[in-house]
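Okay, so here's the structure we're looking at.
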Amino acid sequence: MSIEIKTTSMEPIRHTYSHIARRFGDKPATRYQEASYDLEAKTNFHYRPQWDSRYELNDDRRTAIRMDDWYAVSDPRQYYYGAYVGNRAKMQESAETSFGFCDKRNLLTRLPEETQKQLLRLLVPLRHVELGANMNNSKISGDAVATTVSQMHIYAAMDRLGIGQYLSRIALLIDGSTGKALDESKGYWMDDELWQPMRKLVEDTLVVDDWFELTLVQNILLDGLMYTLVYHKMDAWLATQGAEDVSMLTEFMRDWYKESLRWTNAMIKAVAGESEANCELLQTWIDQWEPQVYSALQPLAEASVGIDALDEARAELSTRLKKFGLQSRGVSA
Amino acid sequence: MAVQNKKLNLKDKYQYLTRDMGWEPTYQKKEDIFPHEDFEGIKITDWSQWEDPFRLTMDSYWKYQAEKEKKLYAIFDAFAQNNGHQNISDARYVNALKLFLGGVSPLEHGAYQGYAKAGRQFSGTGARVACQMQSIDELRHSQTQQHAMSHYNKHFNGLHDAAHMHDRVWFLSVPKSFFDDARTAGPFEFLTAISFSFEYVLTNLLFVPFMSGAAYNGDMATVTFGFSAQSDEARHMTLGLEVIKFILEQHEDNVPIVQRWIDKWFWRGFRLLSLVSMMMDYMLPNKVMSWSEAWEVYYEQNGGALFKDLERYGIRPPKYQDVANDAKHHLSHQLWTTFYQYSHATNFHTWVPEKEEMDWMSEKYPDTFDKYYRPRYEYLAKEAAAGRRFYNNTLPQLCQVCQVPNLFTEMGAPTKLSHRQLVHEGERYHFCSEACCDIFKHEPEKYVQAWLPVHQIYQGNCEGEDVETVVQKYYHINIGEDNFEYLGSPDHKRWMSIKGEKPADENQDAA
Chain A
1 MSIEIKTTSM EPIRHTYSHI ARRFGDKPAT RYQEASYDLE AKTNFHYRPQ WDSRYELNDD
61 RRTAIRMDDW YAVSDPRQYY YGAYVGNRAK MQESAETSFG FCDKRNLLTR LPEETQKQLL
121 RLLVPLRHVE LGANMNNSKI SGDAVATTVS QMHIYAAMDR LGIGQYLSRI ALLIDGSTGK
181 ALDESKGYWM DDELWQPMRK LVEDTLVVDD WFELTLVQNI LLDGLMYTLV YHKMDAWLAT
241 QGAEDVSMLT EFMRDWYKES LRWTNAMIKA VAGESEANCE LLQTWIDQWE PQVYSALQPL
301 AEASVGIDAL DEARAELSTR LKKFGLQSRG VSA
Chain B
1 MAVQNKKLNL KDKYQYLTRD MGWEPTYQKK EDIFPHEDFE GIKITDWSQW EDPFRLTMDS
61 YWKYQAEKEK KLYAIFDAFA QNNGHQNISD ARYVNALKLF LGGVSPLEHG AYQGYAKAGR
121 QFSGTGARVA CQMQSIDELR HSQTQQHAMS HYNKHFNGLH DAAHMHDRVW FLSVPKSFFD
181 DARTAGPFEF LTAISFSFEY VLTNLLFVPF MSGAAYNGDM ATVTFGFSAQ SDEARHMTLG
241 LEVIKFILEQ HEDNVPIVQR WIDKWFWRGF RLLSLVSMMM DYMLPNKVMS WSEAWEVYYE
301 QNGGALFKDL ERYGIRPPKY QDVANDAKHH LSHQLWTTFY QYSHATNFHT WVPEKEEMDW
361 MSEKYPDTFD KYYRPRYEYL AKEAAAGRRF YNNTLPQLCQ VCQVPNLFTE MGAPTKLSHR
421 QLVHEGERYH FCSEACCDIF KHEPEKYVQA WLPVHQIYQG NCEGEDVETV VQKYYHINIG
481 EDNFEYLGSP DHKRWMSIKG EKPADENQDA A
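The listed protein sequences derive, respectively, from chains A and B. Quick note on UniProt numbering: the first sequence kicks off at 1 and runs consecutively. Quick note on UniProt numbering: the second sequence kicks off at 1 and runs consecutively.
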């Protein structure tokens, strides 16, 4: 026996919007499809931007990369806004539990002063790198064409702001929410020799004009080395320094980075796979930027887990790039 | 920030979690990192004076927004499952959604892109973060609107290709050119245009009437979206007010620049709202309030109070607001009678209002409706009854700035067409009003670029010589389904079949 609720059934006259049907056929579409494809204006723009009259609004010439159709780049996570915030809400819930736990048990205030200082000098200044990543991804989102591409970048922009805020909260746990530790940490970012190559690198990315070059440098090269070095290698090293509890507070970053590999890989695969010319251009950018990223992280690696760890991170990045027909050409230390 | 030993208050804590992550660059020049901050002439002497309009860290943002999304999509699912479209007041209502999806939703997407850009352009981190949050909110609205209307698209015509139409269809160049104008401007003008004029001053006359219309007409999907977006909109309004106060407080030289922007964007917004006026008075079977009442409450009273508040900064109410105030008695009627004639070239239907509706208008517009507009409808109804439903087969002259057909009348002279023209570098340009002509004069190099749909058709840039080919091939308006008179349209027939009033000719949608 089963219960049967009688409802009126109505045959629809079409199953989805015409612009979705043109791509996928007239069949029921996913929420991701209806939220992501062919929504942005493409033609008949009225005025040239006063801030850059070389191009129109939504102009695909804002990068030197050429795609027949930028919608060929899509998100394997199928994130539209609702799916995105739903996922992050879950992630933040467990982060909140960890921060609450550390706070309640005074896990960071109990650390030796020397270890606290190491956290403020070696880990917390990364909040500024995160803000740079936030700015870069916001720029990309404003410049990219195709909502499938641009939306992944505004999600990344907001993620980076969030990660910067989690890093800041580590300092607030240390100083008991006075801001003193954040001031100290910012001092390292501004003046400590350890951070100057990285600060220079971040400032250099802030003047990159080509948005695809920027996503490659920020989301693949810099993150590729930095997230592996800091949140895996350095994390293990911090544990040997008696700061294993900090791992709880950076779990968000590890989960986030693992997830971000999915969309960055899909993006590079589609773009590199499009043409030889794209591949060559990507390779030129990699040749130009990867050594700079490596050098920028060198002092941090040396002051903590050691240069071998950075080389291992580079080997991972190299393997990853190889899958797309791209080479890491950095000189090993 | 100053070293302190006591616990941070909420405001300072939020600043540590946002603007304190920024720093003064030394390896690259600030003007190279923020190259768009100066060219408009706005002087910012101290970004630290920026008051964060709301204090939302990302973890709370994710949490609150996810809760809202969860509830919203539960309603969308229930609406679709139960064929909620059967419960609307009347199928004529869906035409308001067609106007919304083609005219407003693409602006949400443009806002998402514009705020992402602004979220990078300012050197003040607090302002950037506020813009980025608005950016992702606008993306939300753009996407949830697609989802809210998705079910309607399956059962009604005219909603099927909104973004394509937004780029091409003649009347949709009104909203499109408005937003292109804002997005191509510098970051401070963009915020004055969208955050202040659009979101703060005019949102109750744009976004809200559609949502109230949905509430009054049994459209659960759209009204639920409206409620869900309300707290986002509240944030956007707070940003709008903070932006304007901040710019004005920073330097007295900013005052005349901002005043000109307020004048311009008030008028641009007002012209855009003319589409909403006809939606409110004509497209809603259950009417919320008349356009003239809405204008009195939301502009004359609320706007009046706002501009009184801004007086202390040396700001006066927008130029030509007297023209806009006078127009409240005429606007919707002039628009609807125009769209009635051009229904063959729109993705929505038009109709002559029913008798009770005309009586409602007589009551709401005692000085103008019976005198100027009722006779027109009586004439049009008579023509239609005699088998001569009127369509105007010549294309209208469009205003070079607002791109509305030149259909408005002079203030105080409702039978005299308002028309201005001027010659700029050997070319003659036409305008609907003194205000639009003024806007042109200030930035002729911008407005000569306008993509005027009628000119483009005549120049052969729209895939056809004749209106029918343009409408079908270039606009993607399905002839005989999306366009023409409502009575007898496939939408009308299906609706009658839903209501069991008369069997529809095409039996596709029968229950």
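Glycine included, each C-beta is placed from N, C-alpha and C at the ideal position. Source: prediction; values computed, not measured.
When DSSP states are grouped into helix, strand and coil, Leu-417 of chain B belongs to the strand group.
Within chain A, the residues whose beta carbon sits less than 7 Å from that of Tyr-73 of chain B are Gly-82, listed in sequence order. Straight-line measurement puts the Cα of Phe-212 of chain A at about 16 Å from the Cα of Leu-326 of chain A.
Note that the C-beta distance between Asn-483 of chain B and Val-471 of chain B is below 9 Å. Counting only the Cα atoms, Ser-433 of chain B lies some 47 Å from Ala-74 of chain B. Counting C-beta pairs with one atom in each stretch, the segment 69–79 of chain A and the segment 192–206 of chain B have fewer than three that are closer than 8 Å, which means they do not touch. Interface annotation for the segment 47–70 of chain B against chain A: Thr-57, Met-58, Asp-59, Tyr-61, Trp-62, Lys-63, Gln-65, Ala-66, Glu-67, Glu-69, Lys-70, criterion Cβ-Cβ distance under 8 Å.
Take the alpha-carbon of Leu-284 of chain B and the one of Ile-163 of chain A: they are about 47 Å apart. Close to chain B, meaning a Cβ-Cβ distance shorter than 7 Å, are the following residues of the segment 44–59 of chain A: Asn-44, Phe-45, His-46, Tyr-47, Arg-48, Pro-49, Gln-50, Trp-51, Leu-57. When beta bridges are read from the DSSP output, Glu-427 of chain B appears opposite B:His-424.
Look at Thr-350 of chain B here: in three-state DSSP terms it is strand. C-alpha of Gln-65 of chain B to C-alpha of Trp-256 of chain A: approximately 19 Å in a straight line.
Annotation: Cβ neighbours of Ala-89 of chain A in chain B (cutoff 7 Å, chain order): Trp-62, Lys-63, Ala-66. Taking 9 Å as the threshold, the shortest C-beta distance from Ser-36 of chain A to chain B falls below it. At a cut-off of 9 Å between beta carbons, Leu-111 of chain A makes no contact with chain B. Residues of the segment 110–136 of chain B whose Cβ lies closer than 9 Å to any Cβ of chain A, in chain order: Gly-110, Tyr-112, Gln-113, Gly-114, Tyr-115, Ala-116, Lys-117, Ala-118, Gly-119, Arg-120, Gln-121, Thr-125, Arg-128, Val-129, Cys-131, Gln-132, Met-133, Ser-135, Ile-136. In this structure Lys-27 of chain A is exposed. Its beta-carbon is surrounded by fewer than 16 other beta-carbon atoms within 10 angstroms.
Secondary structure of Leu-398 of chain B (DSSP, three-state): strand. When the five nearest sequence neighbours on each side are left out, the beta carbons in the same chain lying within less than 8 Å of the beta carbon of Met-91 of chain A are those of Phe-252, Asp-255, Trp-256, in order along the chain. Taking 9 Å as the cut-off, the beta carbon of Ala-64 of chain A is found closer than this to the beta carbon of Leu-281 of chain A.
Per DSSP, Thr-215 of chain A is one residue of the alpha helix (DSSP H) stretching across 211–215.
When C-beta distances to chain A are compared with 7 Å, the residues of the segment 14–31 of chain B below that value are Tyr-16, Leu-17, Asp-20, Met-21, Gly-22, Trp-23, Pro-25, Tyr-27, Gln-28, in chain order. For the pair Gly-186 of chain B and Val-255 of chain B, the CB atoms are not nearer than the 9 Å cut-off.
Under the three-state reduction of DSSP output, Pro-209 of chain B falls in the helix class.
Listed in chain order, the positions of the segment 402–422 of chain B with a beta carbon within less than 7 Å of a beta carbon of chain A would be empty, since no residue qualifies. Between the alpha carbons of Arg-428 of chain B and Ala-266 of chain A lies a gap of roughly 52 Å. DSSP, reduced to helix, strand and coil, places Pro-405 of chain B within a strand of the structure shown. The Cβ atoms of Gly-124 of chain B and Trp-62 of chain B do not sit closer than 9 Å to each other. Annotation: the continuous alpha helix (DSSP H) that includes Pro-453 of chain B extends over 453–458. Relative to the Cα of Asp-143 of chain A, the nearest Cα in the group B:Met-165, B:Lys-117, B:Leu-248, B:Thr-338 belongs to B:Lys-117.
Ranked by Cα distance from Gly-218 of chain B, the first of B:Ser-489, B:Ala-91, B:Pro-405 is B:Ala-91. Cβ contact annotation for Gly-303 of chain B (same chain, cutoff 7 Å, sequence separation greater than five): Val-201, in chain order. With its beta carbon less than 9 Å from one in chain B, Thr-178 of chain A belongs to the interface. About 6 Å separates the beta carbons of Ser-105 of chain B and Ala-162 of chain B, which is inside the 8 Å limit, making them a contact pair. A Cβ of chain B is located within less than 9 Å of the beta carbon of Met-190 of chain A. A residue is called buried when at least 16 other Cβ atoms come within 10 angstroms of its Cβ; Glu-34 of chain A meets this threshold and is buried.
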